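Chains as they are written, first to last, in this note's numbering: chain A, 1265 to 1403; chain B, 1265 to 1403. In this text, a Cβ means the ideal position worked out from N, Cα and C, and glycines have one as well. These numbers come from a predicted model, not from an experiment. Okay, structure first, notes after.
Number of protein chains: 2
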Amino acid sequence: MISTRGRYALRVLIDIAENSNGNYIPLNDIASRQDISEKYLESILVLLTHGNLLNGLRGKGGGYKLTKAPEEYTMKSILTITEGTLAPVACLKDGAEPCLKSSSCKTLPVWQGLNKAITDYLESVTLADIIEKPDNYSI
Amino acid sequence: MISTRGRYALRVLIDIAENSNGNYIPLNDIASRQDISEKYLESILVLLTHGNLLNGLRGKGGGYKLTKAPEEYTMKSILTITEGTLAPVACLKDGAEPCLKSSSCKTLPVWQGLNKAITDYLESVTLADIIEKPDNYSI
DNA sequence: TAATAACATACTAAATAGGTAGGTTGATTT
DNA sequence: AAATCAACCTACCTATTTAGTATGTTATTA
């Protein structure tokens, strides 16, 4: 299950992508628009700025903005930063010590297949696919 | 992440499928072969018997056996019983109260897509795909 | 009736999730 | 230079879940 950290992170990025026009957006604005506790949101934005998904600026006029184009934010990159890992089992985590039984492990291929299914999907979707596309046509 | 409950359950089912020949296999045997605490394993087998994936028989000569053919055990059915739900977000759980914001929720399609990717994969793999296939040929 | 083995209930320690509280640093405006 | 604003940082808290352990009770068979 994806925790609130990951889900809120996604909502925040959508919010910033849709409401910023290159400007910094204060956490305050985001929190009230998204109806999420300011303080809790803060702890999530720390992860996103440390992971270089957001740029933070202090002081008056400060806030957060995206560091790159929406097309460059894959769902996988967003969720990996907030959830830590998306691997369904510990032995498939990045940098996991190789399991001694891996060659005889009958369940490993299943977990690898599941991991690939999840990863492939999450890499195929970007923030650009999700945000409001202003439709420039009438009737 | 799949918990030990789900991982052990899968190992148990593989173990029974490979070692039973229609006989009941006592938990004791499985626990020692799989090197899992007997008592903890017991709590997992309760889930599997209640979920009709295993048949338990008490007393001497008792133990557990499969209730159906290995082809009929999808990974999804096994993991759903042990993990409770595989839905990546609460609003996609079976029997979840419909979310009021679902029509305007921009993140919902992403979670639905992820859910489908996971579900499709786990339904495509069965216990029969995993167990040892005795190869009846020589050199 | 003795041994066997599933079934049932209760408890525990450690980790994680989801938050809250308060203070500090840096940028901007007055 | 001072006041304000807003990100940043550290520490704490509560409830739930995970991964077990312990102690029985019931049903079956030799």
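(request) Could you run through the segment 1272–1292 of chain B and flag, in chain order, every residue whose CB is less than 8 Å away from some CB of chain A? (result) L1274, R1275 and I1278
(request) Using 10 angstroms around the beta-carbon of S1388(B), count the other beta-carbons present and answer buried if the total reaches 16, otherwise exposed. (result) exposed
(request) Kindly indicate the opening and closing residues of the alpha helix (DSSP H) around N1292(A). (result) L1291 to Q1298
(message) Could you tell me the alpha carbon to alpha carbon distance between L1372(B) and L1391(A), rounded to whole angstroms?
(response) 13 Å
(message) To the nearest angstrom, how far is the alpha carbon of E1282(B) from that of I1382(B)?
(response) Their Cα atoms are separated by approximately 27 Å.
(request) With K1365(A) as the anchor, note down where its beta strand (DSSP E) starts and where it stops. (result) Unbroken run through K1365(A): none, as it is neither H nor E.
(request) Figure out for me which residue from R1297(B), E1335(B), G1348(B) and K1329(B) has the closest Cα to the Cα of S1264(B). (result) Since the first residue of chain B shown is 1265 and the last is 1403, residue 1264(B) is not available in this structure.
(message) At the level of alpha carbons, what is the spacing between K1370(B) and L1364(B)?
(response) Those two C-alpha atoms are separated by around 13 Å.
(request) For A1360(A), count neighbouring C-beta atoms within 10 Å of its own C-beta (all shown protein chains included) and say buried if the count is 16 or more, exposed if not. (result) By the neighbour-count criterion, in which 16 or more other beta carbons inside 10 Å mark a residue as buried, A1360(A) falls on the exposed side.
(message) Taking 8 Å as the threshold (C-beta atoms), are I1294(A) and D1279(A) in contact?
(response) yes
(message) Is T1338(B) close to chain A? Criterion is C-beta to C-beta, closer than 8 Å.
(response) no
(message) I need the straight-line Cα distance from G1315(B) to I1345(B), nearest angstrom please.
(response) 6 Å
(message) For V1374(A) and I1394(B), which I take to be in contact (beta-carbon distance under 8 Å), what is that distance rounded to the nearest angstrom?
(response) 6 Å
(request) With hydrogens ignored, establish whether the beta-carbon of K1380(B) is closer than 7 Å to any heavy atom of the ligand GTP. (result) In terms of ligand content, the structure shown is empty, and the ligand GTP therefore cannot be addressed.
(message) Mapping the DSSP letters down to three states, classify L1391(A) as helix, strand or coil.
(response) helix
(message) Would you say G1359(B) lies against chain A (beta-carbon separation less than 8 Å)?
(response) Answer no: the Cβ-Cβ gap between G1359(B) and chain A never drops below 8 Å.
(message) Quick check: is the beta carbon of I1345(A) nearer than 8 Å to any beta carbon in chain B?
(response) no
(message) Among A1333(A), G1286(A) and K1303(A), whose alpha-carbon lies nearest the alpha-carbon of Y1272(A)?
(response) K1303(A)
(request) Using a Cβ-Cβ cut-off of 8 Å, state whether T1371(B) counts as contacting chain A. (result) yes
(message) Taking the straight line between their C-alpha atoms, what separation do you get for K1332(A) and L1317(A)?
(response) 8 Å
(request) Anything in chain A within Cβ reach of I1266(B), meaning under 7 Å, just list it in chain order. (result) P1352 and V1353
(request) Report the residues of the segment 1362–1391 of chain A with a CB closer than 9 Å to any CB of chain B, ordered along the chain. (result) Cβ contacts with chain B: K1370, T1371, P1373, V1374, W1375, G1377, L1378, K1380, A1381, I1382, D1384, Y1385, L1386, S1388 and V1389.
(request) Check the Cβ-Cβ distances between I1394(A) and every residue of chain B, and say whether any is below 8 Å. (result) yes
(request) Could you tell me which of Q1376(A), E1336(A), L1321(A) and Y1288(A) sits nearest to C1355(A), measuring between CA atoms? (result) Q1376(A)
(message) What does the alpha-carbon distance come out to for the pair Q1298(B) and K1340(B)?
(response) Separation of Q1298(B) and K1340(B) (C-alpha to C-alpha, rounded to the nearest whole angstrom) is 22 Å.
(request) Kindly indicate which three-state DSSP category N1405(A) falls into: helix, strand or coil? (result) Residue 1405(A) is absent from the model: chain A starts at 1265 and stops at 1403.
(request) With 8 Å as the threshold, decide whether the Cβ of S1341(B) is near any Cβ in chain A. (result) no
(request) Count the other C-beta atoms from every protein chain shown that fall within 10 angstroms of the C-beta of R1322(A), then say buried if there are 16 or more, exposed otherwise. (result) Exposed, since its Cβ has fewer than 16 Cβ neighbours within 10 Å.
(message) Taking a contact to mean a Cβ-Cβ separation below 8 Å, would you say L1378(B) touches T1338(B) in this structure?
(response) Contact flag unset, no.
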